[in-house]
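A.B. asks:
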Amino acid sequence: MNTDPSRLALRNATILIFTAVLVLFGLVAPGFLSPENLFNIVKQSSFIGIAAIGITFVLLTRGIDLSVGSVMYLGPLIAGFAMRDYGVGVAGGFAVAILAGLAMGAINAFFIVRLGIAPFIVTLATLFFFRGAGTWMTSSRQFDFDREMLDFGLSSVAGIPVPILLFALALVIAHLTLTRTTFGKQVYAIGADPEAAEKAGIRTGTIETGVFLISATTASIAGFVLISQIGRLDVAFGEGREFDVIAAAVLGGASLFGGVGTAWGTAVGATLIQTVKTGLIFSGINLYLQPIALGLVIFVAVLLDSLRAWRLQVSQRRAIRAEVGD
Numbered sequence: 001m002n003t004d005p006s007r008l009a010l011r012n013a014t015i016l017i018f019t020a021v022l023v024l025f026g027l028v029a030p031g032f033l034s035p036e037n038l039f040n041i042v043k044q045s046s047f048i049g050i051a052a053i054g055i056t057f058v059l060l061t062r063g064i065d066l067s068v069g070s071v072m073y074l075g076p077l078i079a080g081f082a083m084r085d086y087g088v089g090v091a092g093g094f095a096v097a098i099l100a101g102l103a104m105g106a107i108n109a110f111f112i113v114r115l116g117i118a119p120f121i122v123t124l125a126t127l128f129f130f131r132g133a134g135t136w137m138t139s140s141r142q143f144d145f146d147r148e149m150l151d152f153g154l155s156s157v158a159g160i161p162v163p164i165l166l167f168a169l170a171l172v173i174a175h176l177t178l179t180r181t182t183f184g185k186q187v188y189a190i191g192a193d194p195e196a197a198e199k200a201g202i203r204t205g206t207i208e209t210g211v212f213l214i215s216a217t218t219a220s221i222a223g224f225v226l227i228s229q230i231g232r233l234d235v236a237f238g239e240g241r242e243f244d245v246i247a248a249a250v251l252g253g254a255s256l257f258g259g260v261g262t263a264w265g266t267a268v269g270a271t272l273i274q275t276v277k278t279g280l281i282f283s284g285i286n287l288y289l290q291p292i293a294l295g296l297v298i299f300v301a302v303l304l305d306s307l308r309a310w311r312l313q314v315s316q317r318r319a320i321r322a323e324v325g326d
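Sequential numbering of the sequence shown, starting at 1, is according to this note's numbering.
Given below as structure tokens:
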């Protein structure tokens, strides 16, 4: 049994950081650890968690999706117009948000898979394109949703807020998809070795299309969930959220180099991001220093990812040498 402390620490880095953050803020601000506050943290992290779970699929295939924040903006906006102009209601608006997310994911997938353009370039372009489309649709004005939308976001089932239920549902579906389906196994295979996966007969293009559809759809749902709690949308909505989403996935163990990551880990990473944000507020940290602290969290996420990748390479080299020696 491998008991290498450094390996164990890297494997459980997210839990260790989470524990340290809870202890630190708990000591600085005792009210931080109250059940009510911890419950609110989970609720507030739900929309980032949903989007982060979606982008985990992309990261597993060695891809990247920088358009997440803009999809979070445009998808619910289209849903809002459908609710206002066609009276489709919240349920109909939710369905429209899903369809809008699928459409934007299809746009990304077309240029990445069919035309062979790098995901970084495509999603960087659609980041501006999707936000520009939304700005044009609203003429840069704020879009206000009906009270029915807020009633949905503030409602609960069996005492559990709807945003948390949707977060949990996305988590369970993603976990089962990655661990119990052929699609999930092929996602991991492509991330581990794209060439080997293609030689094994995996339709890599189809799988890559699927992960970008998932990423955009969950991003659109995430935006809908957040708007249901605040009731309005402006041109800055979702701006920069792609960094929170990627950081949450990487903090949760997803690798930027592909092939490593879980839905559960990403959910923990998303909650950790919100925990840090809330803890900084409770601790009375200077408003201008808070972005620096969040930047350090993101830096730690990337550093841990690099260390995990380095340890994996070292292990593979040792295994190859052992085989050659035999």
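Glycine included, each C-beta is placed from N, C-alpha and C at the ideal position.
#1: Please classify Ser215 as buried or exposed, where buried requires at least 16 neighbouring CB atoms within 10 angstroms.
#2: In three-state DSSP terms, what is Val157?
#3: Could one say the Cβ of Ile50 lies closer than 8 Å to chain B's Cβ atoms, at least one of them?
#4: Excluding sequence positions up to five away, which residues of its chain have a Cβ less than 8 Å from the Cβ of Leu77?
#5: For the structure I just gave you, are there three or more beta carbon pairs, one from the stretch 146 to 165 and one from the stretch 205 to 214, closer than 8 Å?
#6: Buried or exposed, going by whether 16 or more other CB atoms sit within 10 Å of the CB of Asp85?
#7: Residues in the same chain with beta-carbon distance under 7 Å from Val21, minus the five sequence neighbours each way, listed in chain order, please.
#8: Quick check on Asp146: does DSSP put it in helix, strand or coil?
#9: So is Pro35 buried or exposed if we call it buried at 16+ other beta carbons inside 10 Å?
#10: Roughly how many angstroms separate the alpha carbons of Ala103 and Gly26, rounded to a whole number?
#11: Figure out for me which residue from Gly205, Ser255 and Ala263 has the closest Cα to the Cα of Ile117.
#12: Ignore the nearest five residues each way along the sequence and tell me which others in Thr177's own chain have a CB closer than 7 Å to its CB.
#13: Nearest to Glu242 by alpha carbon, out of Phe47, Leu33 and Phe32?
#14: For Ile121, tell me which candidate among Val162, Asp65, Asp146 and Gly87 has the shortest Cα-Cα distance.
#15: Looking at the structure shown, is Leu233 part of a helix, part of a strand, or coil, going by DSSP?
#16: Among the candidates Phe282, Leu115 and Phe224, whose CA atom is the shortest distance from the CA of Ile50?
#17: Check this for me: beta carbons of Ile160 and Val187, under 8 Å apart or not?
#18: Counting only the same chain and skipping the five closest in sequence on each side, list residues whose C-beta sits under 8 Å from that of Ser140.
#19: With H, G and I counted as helix, E and B as strand and the rest as coil, what does DSSP make of Tyr288?
#20: Closest to Val245 by CA distance: which of Glu198, Gly265, Ala29 and Ser228 is it?
#21: Out of Phe237, Thr179, Ala125 and Gly105, state which residue places its alpha-carbon closest to the alpha-carbon of Tyr73.
#22: Please name the residue in Thr61, Leu287 and His175 whose C-alpha comes closest to that of Ala192.
#23: Hey, how far is the Cα of Leu307 from the Cα of Ile98?
#24: Report the residue ranges of all alpha helix (DSSP H) runs contained in full by the stretch 43 to 114; include only those spanning at least 4 residues, in chain order.
#25: Where does Thr181 fall in DSSP's three states?
#26: Where does Ser215 sit, in a helix, a strand or coil, going by DSSP?
#27: Do Phe145 and Gly80 have their C-beta atoms within less than 8 Å of each other?
C.D. replies: Reading it off the structure:
#1: Counting from 1 along the sequence shown, the entry for residue 215 is found at position 215. Buried, by the Cβ-count rule.
#2: The residue labelled residue 157 in the question sits at position 157 within the sequence shown. Secondary structure of Val157 (DSSP, three-state): strand.
#3: In the structure shown, chain B cannot be found, because there is only a single protein chain.
#4: Your numbering for residue 77 matches position 77 in the sequence shown. Excluding residues within five positions, the ones whose Cβ falls inside 8 Å are Gly134, Met137, Thr138, Phe143 and Leu233.
#5: no
#6: On the sequence shown, position 85 is the one that residue 85 refers to. Counting of Cβ neighbours within 10 angstroms places Asp85 among the exposed residues, the total staying below 16.
#7: Here residue 21 corresponds to residue number 21 of the sequence shown, with the count starting at 1. Correct list, in chain order: Leu272, Thr275, Val276 and Gly279.
#8: Here residue 146 refers to the residue found at position 146 of the sequence shown. Coil.
#9: As a first step, residue 35 is located in the sequence shown; it is residue number 35 there, counting from the start. Under this definition Pro35 is an exposed residue.
#10: In the sequence shown, counting from the first residue as 1, residue 103 sits at position 103. In the sequence shown, counting from the first residue as 1, residue 26 sits at position 26. Roughly 44 Å between the two C-alpha positions.
#11: Counted from its first residue, the sequence shown places residue 117 at position 117. For Ile117, the nearest C-alpha among the options comes from Gly205.
#12: The count along the sequence shown starts at 1 and reaches residue 177 at position 177. Only Phe183 and Gly184 meet the Cβ criterion.
#13: As a working note, residue 242 is residue 242 in the sequence shown. When each option's Cα is compared against that of Glu242, the closest is Phe47.
#14: Working through the sequence shown from its first residue, we reach residue 121 at position 121. Per the Cα distances, Asp65.
#15: Translated into positions along the sequence shown, residue 233 becomes position 233. Three-state DSSP puts Leu233 in a strand.
#16: In the sequence shown, counting from the first residue as 1, residue 50 sits at position 50. The shortest Cα separation from Ile50 among Phe282, Leu115 and Phe224 belongs to Phe224.
#17: The count along the sequence shown starts at 1 and reaches residue 160 at position 160. The count along the sequence shown starts at 1 and reaches residue 187 at position 187. Against a cut-off of 8 Å, the Cβ pair of Val187 and Ile160 comes out as no contact.
#18: By 1-based counting over the sequence shown, the position of residue 140 is 140. Hits under 8 Å: Val235.
#19: What you label residue 288 is simply residue 288 of the sequence shown in a count that begins at 1. The answer is coil: DSSP assigns Tyr288 none of H, G, I, E or B.
#20: Counted from its first residue, the sequence shown places residue 245 at position 245. Of the listed residues, the one whose Cα sits closest to Val245 is Gly265.
#21: As a working mapping, residue 73 is identified with position 73 in the sequence shown. That would be Phe237, whose Cα lies nearest to the Cα of Tyr73.
#22: As a working note, residue 192 is residue 192 in the sequence shown. Comparing Cα-Cα distances from Ala192 to each of Thr61, Leu287 and His175, the minimum goes to Thr61.
#23: As a working mapping, residue 307 is identified with position 307 in the sequence shown. As a working mapping, residue 98 is identified with position 98 in the sequence shown. For Leu307 and Ile98, the distance between alpha carbons rounds to 36 Å.
#24: Along the stretch 43 to 114, the alpha helix (DSSP H) occurs as fully enclosed runs of 4 or more residues at 46 to 60, 68 to 86 and 89 to 109, listed in sequence order.
#25: If you number the sequence shown from 1, residue 181 lands on position 181. If DSSP states are grouped into helix, strand and coil, Thr181 belongs with coil.
#26: Residue numbering aside, residue 215 sits at position 215 when the sequence shown is read from its first letter. Ser215: helix per DSSP, three-state reduction.
#27: Residue 145 sits at position 145 when you count from the first residue of the sequence shown. Residue 80 sits at position 80 when you count from the first residue of the sequence shown. The answer is yes: Cβ separation under 8 Å.
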